Amino acid sequence: MAQAARKYLGLVDRETGEVEEVQRTPYAFDGPHINVEIRRNRELASAASGLTDREFRVLTWYRYATEQAQGPVMMTGTDIAKELGMSPDALGRVVRTLVKARHLVKAGSIGRTTFYRTTPHLAFIGSGYEHREAVKDWNPPELHVREPRDKRRSKKQEDETS
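Count along the sequence shown from 1, then add 7; that gives the number in our numbering.
Next comes the structure, spelled out in structure tokens:
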């Protein structure tokens, strides 16, 4: 039985007629990719969400640290804190804030170590159908964690220090 012709993408040198095969990848991305909910994530990035820069950075880190659908990030708080350049205590405070706002959810534990992942409302690894099924079981996260703080000094504080 004859074999089917193999199609490939190639570059042809016009002078020599030599053909060089161009490598293809099965996807536009090499490795796992993630579906994110653009509107919610943009609102979380805005100052109106009340998230601090550190809280947003930790949330973003968790979003991209998961490499399996709905899987926990299997790292200790100490290792995560080291990677993010903060103390384990500071990371713990940030994680508690994000869990309270339902941005991170508990996804298992071993001993005293609890593992977390992002809620599927913000990010999900898998097909669109699996994503739609996953959000049915979760309440959407709070988009406003707290009132944004004004870090500028007020005139009253400046007058008292003068």
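Cβ coordinates follow ideal geometry from the N, Cα and C atoms, glycine included. For clarity, every value in this text was computed on a predicted model and none was experimentally measured.
So, at 6 Å on beta carbons, what are the nonlocal neighbours of R46 in its own chain, with the 5 sequence-adjacent residues on each side left out?
Against the sequence shown, residue 46 aligns to sequence position 39. Result list for R46: empty, nothing under 6 Å.
Beta-bridge pairing of I117 - partner residues as DSSP gives them:
Against the sequence shown, residue 117 aligns to sequence position 110. Per DSSP, T120.
For R61 and T73, what's the separation of their Cα atoms in angstroms?
Counting from 1 along the sequence shown, the entry for residue 61 is found at position 54. Counting from 1 along the sequence shown, the entry for residue 73 is found at position 66. Approximately 19 Å between the Cα atoms of the pair.
Just to check my reading of the structure: V152 and S56 have Cβ atoms closer than 8 Å, yes? What is that Cβ distance to the nearest angstrom?
The residue labelled residue 152 in the question sits at position 145 within the sequence shown. The residue labelled residue 56 in the question sits at position 49 within the sequence shown. Right, their Cβ atoms sit about 6 Å apart.
Whole-angstrom distance between A76 and Y123, CA atom to CA atom:
Taking the sequence shown and counting its residues from 1, one reaches residue 123 at position 116. Taking the sequence shown and counting its residues from 1, one reaches residue 76 at position 69. Taking the straight line from one Cα to the other gives about 13 Å.
Grab the span of the beta strand (DSSP E) containing G17 for me, first residue to last.
Translated into positions along the sequence shown, residue 17 becomes position 10. Segment 17-19, the beta strand (DSSP E) holding G17.
Hey, is the region 79-94 in contact with the region 142-150, meaning 3+ C-beta pairs nearer than 8 Å?
no
Specify, as a first and last residue, the run of the alpha helix (DSSP H) that V50 falls within.
For the purposes of this step, residue 50 is taken as residue 43 along the sequence shown, with counting starting at 1. Val is not the amino acid found at residue 50; the sequence shown has Glu there. From DSSP, the alpha helix (DSSP H) with E50 extends over 45-52.
Rounded separation between H6 and V65 - CA only
Because the chain spans 8 through 169 in this model, residue 6 falls outside it and cannot be assessed.
CB of N4 within 8 Å of CB of F131, strictly:
In the structure as shown, the chain begins at 8 and stops at 169. Residue 4 is therefore absent and cannot be evaluated.
Can you tell me which of G17, V19, T59, I117 puts its alpha carbon nearest to the alpha carbon of L98?
In the sequence shown, the residue the question calls residue 98 occupies position 91. With distances taken between Cα atoms, L98 lies closest to T59.
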